[in-house]
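Input: a single structure, listed below in structure tokens.
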Amino acid sequence: MKKNKNPLRLNIGYFYNKSIGTSREVPIDIEHITLDDISARNLKSLVKISRTREGLLLQVSAKAEIQSSCVRCLEQFFLPVNIEFEELYQFPSRYREETDMIVPEDGYIDLRPLYREYLILAMPIRSLCRPGCKGLCSICGANLNETNCEHQQEDVLQKEEDINEDTA
Ligand SMILES: [Zn+2]
Ligand SMILES: [Zn+2]
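Pasting the structure below:
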């Protein structure tokens, strides 16, 4: 059942009894992953786990390509993003704030919610499939990156007129 395995669920249990300052780097390489509403491919990541006095510090860097749709031409494409974040998981016995993350008792940390959150933050609100995407023809809907339709000349002129009116 390889398909159901969650590659972002890390075994950190063996770190509990390590001495302070011990660290280890865990490489992650995922061909394709779905995190709720986002779908990504070629997720390559390095997770550095360090034992601190308070708990375990995870320092994550990753790059991935997120499936997106272009706001201009509506084509699906994969948007490359880079993320970096760190998170301190505290040992449950210590004094802590309510918002603190706690080292889970079963020894496993599921990083999916964190990756999802940071990948979404790394995406622009309006993503374009390429710089200067030409979008769709407003009359016939042709994808102007791929083809030139008969309406283009008029369309450009119309836009120029609009601009002139606005600035007049
Ligand atoms: Zn586009
Ligand atoms: Zn057209």
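Heads up, the sequence shown is in this note's numbering, so the first residue is 11 and it goes up one at a time. Don't be surprised by glycine CBs; every beta carbon is placed ideally from N, CA and C.
Beta carbon of residue i nearer than 9 Å to that of residue j
i, j, result
"F25", "R63", "no"
"I76", "S49", "yes"
"K58", "R82", "no"
Three-way DSSP call (helix, strand, coil) for residue i in this model
i, result
"A132", "helix"
"R19", "strand"
"R61", "strand"
"R126", "helix"
"Y24", "helix"
"P37", "strand"
Residue i beta carbon near ligand 2 (any heavy atom closer than 8 Å)
i, result
"H161", "yes"
"C147", "yes"
"C83", "no"
"A72", "no"
"G151", "yes"
heavy atom of ligand 1 below 8 Å from residue i C-beta
i, result
"L89", "no"
"R140", "yes"
Boundaries of the beta strand (DSSP E) in which residue i is found, first to last residue
i, result
"T157", "From DSSP, T157 is part of no beta strand (DSSP E); its letter is neither H nor E."
Residue i classed as buried or exposed, judged by whether at least 16 other C-beta atoms fall within 10 angstroms
i, result
"L18", "buried"
"I119", "buried"
"A178", "Here A178 scores only 44 on pLDDT, less than 50, and its place in the model is too uncertain to base an answer on."
"L131", "exposed"
"G31", "exposed"
"L84", "exposed"
"C150", "exposed"
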